[in-house]
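Residue numbering for the sequence shown follows the UniProt record's numbering, beginning at 1 and increasing consecutively.
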Amino acid sequence: MNDYDDTRPGRARVGDSPELAAYYEELAKHEAGALWTVANEIEPWYPQPRSVPVLWRYADLAPLVRKALPLVRADDAGRRVVMLVNPGRRELSAAVGLLYTGLQIMGPGEAMTAHRHQAAALRFVHEGTGAWTIVDGQKLKVGPRDFAITPNNTWHEHGNEASDEPVIWQDGLDIPLVNALDAGFYEVHPELYQQPGTVVNSSLLSYAGTLLPYGVETWSRPYSPLLGWPWEPSYEALRRLARAGEGSPYDGVIMEYANPVTGGSVMPTMSAHLQLLRPGQATLAHRHTGSVVYTAAKGRGVSVIAGQRFEWQQGDVFVVPSWAWHEHANSDPGEDACLFSFNDFPVMRSLGMYREEAHPDNAGHQPVLS
Ligand SMILES: [Fe+2]
Ligand SMILES: [Fe+2]
C-alpha cells in the first residue's frame, strides 16, 4: 500500500450495486449527486494539472506571426496576436494552468486603440526597437528583452513608432484565471485613444533607482508604480548578484521584478523573474504549486520538465505546469544563459496554497523519460 492508494481507509471506496445505481439516477433528477462517486477525483492526493509541458520554438513561430501582418488589420483584430495554446488547456486559451501568453506583432507606424480589462497583462519584447505603450496616460518606450506591465483595469494602448521594422512582443495575461473566477470585464476607451502626459518613461524616472520619491506622492495602488524594466540594468543586476553569491540550487542566480514600494510582486496575480545560469551550470530538480511560462532571454540550454527534455535558445517559450518536476541547464560552456519567466505565485501565496519541494532521489535530479 503506497501513500497515494485510493483503496486506503479514509478514501472513497464504495462498490457498485443495482440499488446504488438507481439511487444515483434519482439524485441526478434533482441536480444532485453522491460525493463519494467523484471525491477521489476532485480531491486528488496531489495536483493533477491538465496542462502538459510544451516548448514553442521562436524560429518556427516568428515567421507565422509575421504572416499575420498583411493578413489581418490591427484595427479589425483589436490586437494581432498568435497565442500559444497548451494541448491540455485549449478550451481556456491557456498556455499553462490559468496563464495566457501570445506573440503580438505591430507593423511600422501602427497604433492600437485604447482599452482596459480585468485581466492583468505584462510584456516581454522579442524584437523591434520602436515599441511604446501608454498605461493610464503614461507613455513608456520598450526595446528588445525589456519587461513591462499593464496592471488590471488600467487604460492602455500600444504601438510601434519605427518606420522600417515590426515589433514582436510577448503578452502574458491572467485571462484564464479571471474567467475561472467569473470576474471578467472589458471596456474600449471612450475617446479611442489616450492623451499621454508630456514626460515619457516617467515611472522609470521616478522609481527605477535604488531610492524612492519622498514627500510628494504616496503610492497605495495594489501594483507597482514602476511600469517598465529595461533589459540592460536587469541583466546587470543579475551579474552583480552572481558576484555576491551562489544563488539558488534550483534556479541559479534568480531575481524577481519587484514593486519598488513594497518589495513584492509587480501585480497582485502575476510575478516575473529573470534568472542567470552560469556557463555549463545545471540546477537540481524541484517542484511547486503555481504555473510558470519561461522565455529564453539569452543563450541556450536544456530544461527537463516532468521527465521530458526540452532544448531552448533565445526567443523560445516553454511552460512548467503546477507540481511538475523541473530543472534547467545552460548548455554553453563559455556564455551565461538567461531565462525570463512569469507565474501565478502571488495567487498561490495570497491564498495559502504555495508549496515547494526538492527532488528526493537520484542526487536531486529527475529521471529523463523522453
Ligand atoms: Fe489589453
Ligand atoms: Fe521552479
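Positions of the beta carbon are idealized from the N, C-alpha and C atoms, including for glycine.
| query | result |
| --- | --- |
| Can you grab the Cα-Cα spacing for the pair K29 / E19, in whole Å? | 16 Å |
| Do the CB positions of R123 and V142 come within less than 8 Å of each other? | yes |
| Give the straight-line distance between the Cα atoms of F310 and M255, rounded to the nearest whole angstrom. | 23 Å |
| Rounded to the nearest angstrom, what separates R240 and S234 at their Cα positions? | 10 Å |
| Could you tell me how far apart the beta carbons of D146 and G209 are, in whole angstroms, since I believe they sit closer than 8 Å? | The Cβ separation is near 17 Å, so there is no contact. |
| So the candidates are D5, P53 and L99; which of them puts its Cα closest to the Cα of L347? | What sits at residue 347 in the sequence shown is Val, not Leu. Ranking the options by Cα distance to V347, first place goes to L99. |
| Run through DSSP, which three-state label would W36 get? | helix |
| Report the CB separation of H115 from Y186 in whole angstroms; it is logged as a contact under 8 Å. | 7 Å |
| Would the stretch 257-274 count as touching the stretch 303-317 if we require 3 or more Cβ pairs under 8 Å? | no |
| Where does N343 land, buried or exposed, given buried means 16+ other C-beta within 10 angstroms? | buried |
| Which value, in whole angstroms, describes the spacing of the CA atoms of F345 and P176? | 15 Å |
| Which term fits T289, buried or exposed, when burial requires 16 or more other beta carbons within 10 angstroms of its beta carbon? | buried |
| With a threshold of 7 Å, establish whether the CB of H365 neighbours any heavy atom of ligand 2. | no |
| Return the residue from the list M112, G88 and L84 that minimises the CA-CA distance to G102. | L84 |
| Could you compute how far the alpha carbon of R50 sits from the alpha carbon of G88? | 5 Å |
| Restricting to Cα atoms, I'd like to know which of R355, A296, R349 and A363 is closest to A337. | A296 |
| For T7, count the other beta carbons within 10 Å of its own beta carbon; 16 or more makes it buried, fewer makes it exposed. Which is it? | exposed |
| Note down the Cα distance separating S17 from P9, rounded to an integer number of angstroms. | 20 Å |
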